[in-house]
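Colleague: One structure, pasted below without further comment.
Protein chains in written order, with the UniProt record's numbering: chain A, 1 to 221; chain B, 1 to 221.
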């Protein structure tokens, strides 16, 4: 059976978890305190990051490379469209969330509020939290603009782009940092993706010391 | 004809330039002072970054999504191997350079020494420069370790992984920040990639106020 070394609130790990679950690839989840850089873990992944996936006799790192690998080796159900134009749009949006959204929002909110505490690195920097809370509004509006003329973020089918976005938003939702009242269309999109069986393990995550809001695991939030 | 909005020393732009040139896709290069965030440019790319490629009636951003698109629409000569395992390794290494190497080295050396001056953001932070100069050694050693049992970084053929690495290293070489004496095997690899016709436009770059070292454009350095 495949093994995924992960931390529960990491959006990069969640993206891989969603891909695995959607494709019904059985996988054991192992929590990894990667910031302690144990020799064992550094041997598994010289980049010193999660997720790390053991599958098909290989040890894989880098979430986007992992998701493309899963797509190529287990193409059904597909999380990538067929045409080059549409595949480009999926990859652009995955980069948008994993790079731009991560830098402007996730690292400013989740890392300040949760990671610092868990890793024993002190208290949240309020300037960062403020910047993240401001930036997420722009991103939710951008998503609303996309979803105004598309069923899913990258087009008419659910793709890795939706998983990337939902991974970041679900982690932020765990710490009540998403204002779902800002856009009905984004809320509807999230309700749709949240109700998929692949999302169950994510909604069951519990991080000691942090209690999610009541609506976190509620499909009818 | 395709148009690429770029800045000369950006490794992300260089990676796209190398892909275009290797695939012999004719392209007009247009320098973009993206940090001034002109309305025109922001309309082309809401992420506010370069590279932006106009091609096939579309406007593309995010360098990795662009390179995958070029690979899918213009597959010869190929910059991706055939098997899923080998494709995974290419994507892992592209992420390694564009994410980890960029964060630990390029942003600490190139951005401090060049971008800050060009963008009028003051002087280099010496702690960053020191950290970048230390980190590049680890990365050169990692490359030497890979190249010790492979002809190219991701395997036996030249791929996007080599272009990603060469893009970062060539930009750093322009400001004399690469110690080519550290590893003969890495130097040989760079000499091989530098001598490709696709590399010519990169070796001809001139940035006002920064003169490259004599060996920068020398194929026999």
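We treat Cβ as the ideally placed atom computed from N, Cα and C, and that holds for glycine. Since we're looking at a predicted model, the values are computed, not measured.
In chain order, which continuous runs of the alpha helix (DSSP H) of length 4 or greater are located wholly inside the UniProt domain "GST C-terminal" (83-216) of chain B?
Modeller: 84-95, 107-110, 126-147, 160-174, 184-194 and 200-203
Colleague: Below 8 Å on the Cβ atoms is my contact criterion, and I expect residue 46 of chain A with residue 12 of chain A to pass it. Report the Cβ-Cβ distance as a whole number of Å.
Modeller: As a position in the first chain, residue 46 of chain A is number 46, starting the count at 1. As a position in the first chain, residue 12 of chain A is number 12, starting the count at 1. Contact doesn't hold; Cβ gap of about 17 Å is too wide.
Colleague: Would you list the residues sitting across from residue 59 of chain A in a DSSP beta bridge?
Modeller: For the purposes of this step, residue 59 of chain A is identified with residue 59 of the first chain, where counting begins at 1. Per DSSP, A:54.
Colleague: Return no unless some Cβ of chain A is closer than 8 Å to the Cβ of residue 152 of chain B.
Modeller: Residue 152 of chain B sits at position 152 when you count from the first residue of the second chain. Not an interface residue.
Colleague: State the start and end residues of the unbroken alpha helix (DSSP H) segment that holds residue 15 of chain B.
Modeller: Numbered from its first residue, the second chain carries residue 15 of chain B at position 15. Start and end: 11-22.
Colleague: Taking residue 219 of chain A and residue 185 of chain A to be in contact with their CB atoms under 8 Å, please state how far apart those CB atoms are, rounded to whole angstroms.
Modeller: Along the first chain, one-based indexing puts residue 219 of chain A at 219. Along the first chain, one-based indexing puts residue 185 of chain A at 185. In fact, because the Cβ distance is near 18 Å, the residues do not count as touching under 8 Å.
Colleague: Please state whether the Cβ-Cβ distance between residue 91 of chain A and residue 22 of chain B is less than 8 Å.
Modeller: Walking along the first chain from the start, residue 91 of chain A turns up at place 91. Walking along the second chain from the start, residue 22 of chain B turns up at place 22. The answer is no: Cβ separation not under 8 Å.
Colleague: I'd like the span of the alpha helix (DSSP H) that includes residue 44 of chain B, first residue to last.
Modeller: As a first step, residue 44 of chain B must be located in the second chain, where it is residue number 44. Counting along the chain, the alpha helix (DSSP H) containing residue 44 of chain B begins and ends at 39-44.
Colleague: Could you tell me which chain B residues have their CB closer than 8 Å to the CB of residue 39 of chain A, listed as they occur along the chain?
Modeller: Indexing the first chain from 1 puts residue 39 of chain A at position 39. Within 8 Å Cβ-Cβ: nothing; residue 39 of chain A doesn't reach chain B, min ~17 Å.
Colleague: Does the region 159-172 of chain A come close enough to the region 92-101 of chain A that 3 or more CB-CB pairs lie under 8 Å?
Modeller: yes
Colleague: Mapping the DSSP letters down to three states, classify residue 74 of chain B as helix, strand or coil.
Modeller: Within the second chain, numbered from 1, the residue matching residue 74 of chain B stands at position 74. If DSSP states are grouped into helix, strand and coil, residue 74 of chain B belongs with coil.
Colleague: Using the C-alpha atoms, what's the distance from residue 77 of chain B back to residue 195 of chain B?
Modeller: The residue you call residue 195 of chain B lines up with position 195 of the second chain. The residue you call residue 77 of chain B lines up with position 77 of the second chain. Answer to the nearest angstrom: the Cα atoms are 17 Å apart.
Colleague: State the Cα-Cα distance for the pair residue 128 of chain A and residue 105 of chain A, rounded to the nearest angstrom.
Modeller: Working through the first chain from its first residue, we reach residue 128 of chain A at position 128. Working through the first chain from its first residue, we reach residue 105 of chain A at position 105. Whole-angstrom Cα-Cα distance: 9 Å.
Colleague: Just to make sure I have the definition right: I need the residues of chain A whose C-beta is within less than 8 Å of the C-beta of residue 96 of chain B. Which are they?
Modeller: As a first step, residue 96 of chain B must be located in the second chain, where it is residue number 96. Ordered by position in chain A, the residues that pass the 8 Å Cβ test against residue 96 of chain B are 47 and 62.
Colleague: Grouping DSSP H, G and I as helix and E and B as strand, with all else coil, what is residue 25 of chain B?
Modeller: The residue given as residue 25 of chain B occupies position 25 in the second chain. Here residue 25 of chain B sits in coil by DSSP.
Colleague: For residue 30 of chain A, write down the residues that DSSP places opposite it in a beta bridge.
Modeller: If you number the first chain from 1, residue 30 of chain A lands on position 30. Partner(s): A:5.
Colleague: If residue 72 of chain A sits next to residue 87 of chain B, beta carbons under 8 Å apart, how far is it from one beta carbon to the other, in whole angstroms?
Modeller: Taking the first residue of the first chain as 1, we reach residue 72 of chain A at position 72. Taking the first residue of the second chain as 1, we reach residue 87 of chain B at position 87. About 7 Å separates the two Cβ atoms, so the contact holds.
Colleague: Report the rounded CA-to-CA distance for residue 9 of chain A versus residue 164 of chain B, giving the unit in angstroms.
Modeller: Position 9 of the first chain, counted from the first residue, corresponds to residue 9 of chain A. Position 164 of the second chain, counted from the first residue, corresponds to residue 164 of chain B. Residue 9 of chain A and residue 164 of chain B: Cα-Cα distance of roughly 30 Å.
Colleague: Evaluate residue 68 of chain B with the Cβ neighbour count: other Cβ atoms within 10 Å of its Cβ, from every protein chain shown; 16 or more gives buried, anything less gives exposed.
Modeller: To locate residue 68 of chain B, count along the second chain from 1; it is residue 68. That one is buried.
Colleague: CB-CB under 7 Å to residue 140 of chain A, same chain, minus the five flanking residues each way: which ones, in chain order?
Modeller: In the first chain, residue 140 of chain A corresponds to position 140, counting from 1. For residue 140 of chain A, where only same-chain residues beyond five positions count, the Cβ hits under 7 Å are 182, 183 and 186.
Colleague: For residue 83 of chain B, count neighbouring C-beta atoms within 10 Å of its own C-beta (all shown protein chains included) and say buried if the count is 16 or more, exposed if not.
Modeller: Start at 1 with the first residue of the second chain, and residue 83 of chain B comes out as number 83. Exposed.
Colleague: Within 10 angstroms of its Cβ, does residue 39 of chain A collect 16 or more other Cβ (buried), or is it exposed?
Modeller: Here residue 39 of chain A corresponds to residue number 39 of the first chain, with the count starting at 1. It is exposed - the Cβ of residue 39 of chain A has fewer than 16 other Cβ atoms within 10 Å.
Colleague: According to the neighbour-count rule (16 or more other Cβ atoms, all chains shown, within 10 Å of its Cβ), is residue 66 of chain B buried or exposed?
Modeller: Working through the second chain from its first residue, we reach residue 66 of chain B at position 66. Under this definition residue 66 of chain B is a buried residue.
Colleague: So is residue 100 of chain A in contact with chain B if we call contact Cβ pairs under 8 Å?
Modeller: Residue 100 of chain A sits at position 100 when you count from the first residue of the first chain. Yes, residue 100 of chain A lies at the interface with chain B (some Cβ there is under 8 Å from its Cβ).
Colleague: Could you give the distance in angstroms between the alpha-carbon of residue 156 of chain B and the alpha-carbon of residue 81 of chain B?
Modeller: Position 156 of the second chain, counting from 1, holds the residue named residue 156 of chain B. Position 81 of the second chain, counting from 1, holds the residue named residue 81 of chain B. C-alpha separation (whole angstroms): 9 Å.
Colleague: Near residue 110 of chain A, which residues of its chain fall below 7 Å by C-beta distance, leaving aside the five closest residues on each side in sequence?
Modeller: Numbered from 1 along the first chain, position 110 holds the residue referred to as residue 110 of chain A. Around residue 110 of chain A: 9, 171, 172 and 175.
Colleague: Check the Cβ of residue 73 of chain B against every Cβ in chain A and list those closer than 8 Å, keeping chain order.
Modeller: Against the second chain, residue 73 of chain B aligns to sequence position 73. Within chain A, 84 have C-beta atoms less than 8 Å from the C-beta of residue 73 of chain B, given in sequence order.
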